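Asker: Just dropping this structure here.
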Amino acid sequence: MSEKIIIPFIEGDGIGPDIWRASKMVFDATVEKIYKGKREVEWKEIYAGEKCYKKYGKWLIEETFKEIQKYGLAIKGPLTTPIGGGFRSLNVTIRQQLGLYACVRPVRHFSGVPAPVKNPEFVDVVIFRENTDDIYLGIEWEAYSKEATKIIGFLSKEFKISINEDSGIGIKPMSEFKSKRLIRKAIKYAIENNKPNVTLVHKGNIMKYTEGAFKKWGYEVAQKEFGDKIVTEDEVYTTYKGKVPLNKIIIKDRITDAMFQQILLRPKEYSVIAAPNLNGDYLSDAILAQVGGLGLGPGANIGDNIAVFEATHGTAPKYAGMDKVNPGALILSGSMMFDYLGWTEASRNIVHALEKTISSEVMTYDIARQIKGVAPVKCSEFAKEIIRNMEN
Ligand code: NAP
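What the sequence shown shows, in the working numbering, is residues 705 to 1096, in sequence order.
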């Protein structure tokens, strides 16, 4: 008997329909070729963004959340941020409402993709970025607003802190619970995937009780919950004379600015990164650029029992409907989804075929324009070539 799974999908806005069509072809092909009918996927469309607005007069509907909760996962194309729609961002709303606290972004180089550094192949890192805390909570008030003025007055009266009265005010909460659950997920991932180290990235030298606490809580989780599996970088030197004990994962930390240098200069030393919201945001785009860019940046937003997979890039509206852009990021997000489901053979098949396709110089415009003499293929042609390169 065949195992059938229902996966909800959101097509997305702008280039969403183009890359979804191409990606779905690849997903169906890998499942068919690997499992030959023993496993099947039924895709179920759910709505958010412009298509949702046209159909239901709303940018997001309750049904969408219910379906994702029911099936425990979904895959989505990028969504436009509606202006004046009552949402700061549909993506942020989906992440927060479903408690998808970890934004997971694997970044590696694909042979044949031009990159701005000499050895992009040294980059192979998975970033765990906190999604529900820190500045993305969006607690801020405009300069001169009633609220900003009130807070400035309060700080002056209660704490003798003097702030210019023409200041905007933002609040940066970082909680022990939210920091620890993110770091716990990153360490678990490192253990399950035989990764050699986890780095906590923070600006704790300046923001001691938020970013500094993130680091402190990180070491606490590591030592208390994974003590037999990890070693701290300090211990490597103080106890083990600079030699990492066999089968132990090193837990280390880096101050954010130093981390930006380190990942450029010594990328081999980093395999998993756990970062608060803003650091993780900057860092994941910078590392992606280091290996050649957005078109191949997959991602997932994962909670305790729910995951939504999506490309890192946006809706690139100027290319909408042109069958032109690179579907690689969504295709690789699908590969992450198959891994999440335990369908690892289907996932590996996608990655190998994509590697083969790019290294044979079949590529969409974004990569082709950087290589002399290479003519771009369309979004759909790229997907078809990936399927041709798959194992049967
Ligand atoms: P963007 O849509 O990511 O596009 C910026 C540029 O990146 C494009 O013009 C294109 O570069 C390149 N690019 C993006 N995706 C590509 C792909 N698949 N293949 C090849 N090149 C690709 O960023 P944006 O213009 O800042 O944002 C547009 C909208 O997307 C906004 O409404 C934003 O809120 C939304 N957004 C959504 C998500 C999400 O749903 N997760 C994420 C980010 C942004 P060239 O022009 O150089 O060809």
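Glycine included, every Cβ here is placed at the ideal spot set by N, Cα and C. Bear in mind the structure is a predicted one, so any value in this text is a computation, not a measurement.
1) So does K1022 have its beta carbon nearer than 7 Å to some heavy atom of the ligand NAP?
2) Do you know how far the Cα of W763 is from the Cα of N951?
3) Flag L982 as yes when its Cβ comes closer than 7 Å to any non-hydrogen atom of the ligand NAP, and as no otherwise.
4) If contact is defined by three or more beta carbon pairs under 8 Å, each pair taking one atom from either stretch, is the segment 1024-1044 in contact with the segment 709-722?
5) Under 7 Å from any heavy atom of the ligand NAP, does the C-beta of V1029 make it?
6) Looking at the ligand NAP, does it come within less than 7 Å of N795, judged from the CB to the closest heavy atom?
7) In terms of DSSP beta bridges, what is W845 paired with?
8) Quick check: G922 and A978, are their CB atoms within less than 8 Å of each other?
9) Using the DSSP secondary-structure output, state which residues sit across from P712 in a beta bridge.
10) Taking CB distances under 8 Å as the criterion, tell me whether L950 reaches chain D.
11) Which ranges does the beta strand (DSSP E) cover as unbroken runs of at least 3 residues, wholly within the segment 871-947, from first to last along the chain?
12) Let me check you understand the geometry: is the CB of L783 closer than 7 Å to at least one non-hydrogen atom of the ligand NAP?
13) Unbroken alpha helix (DSSP H) runs of length 4 or more, entirely within the segment 1020-1095: which are they?
14) Hey, how far is the Cα of R885 from the Cα of I1075?
15) Examine the Cβ distances between the segment 819-827 and the segment 771-790 and report whether three or more of them are shorter than 8 Å.
16) Tell me which same chain residues have a C-beta within less than 8 Å of the C-beta of L1045, skipping the five on either side of it?
17) Could you check whether the Cβ of H1017 sits closer than 7 Å to any heavy atom belonging to the ligand NAP?
18) For V905 versus R970, is the C-beta spacing smaller than 8 Å?
Answerer: This is what the structure gives:
1) yes
2) 48 Å
3) no
4) yes
5) yes
6) The beta carbon of N795 sits closer than 7 Å to at least one heavy atom of the ligand NAP.
7) I873
8) yes
9) K748
10) The structure shown contains no chain D, having only a single protein chain.
11) 901-906 and 934-936
12) yes
13) Segments of the alpha helix (DSSP H) lying fully in the segment 1020-1095: 1032-1045, 1048-1063, 1069-1072 and 1083-1092.
14) 43 Å
15) no
16) I709 and L777
17) yes
18) In this structure, R970 does not lie closer than 8 Å to V905 by Cβ.
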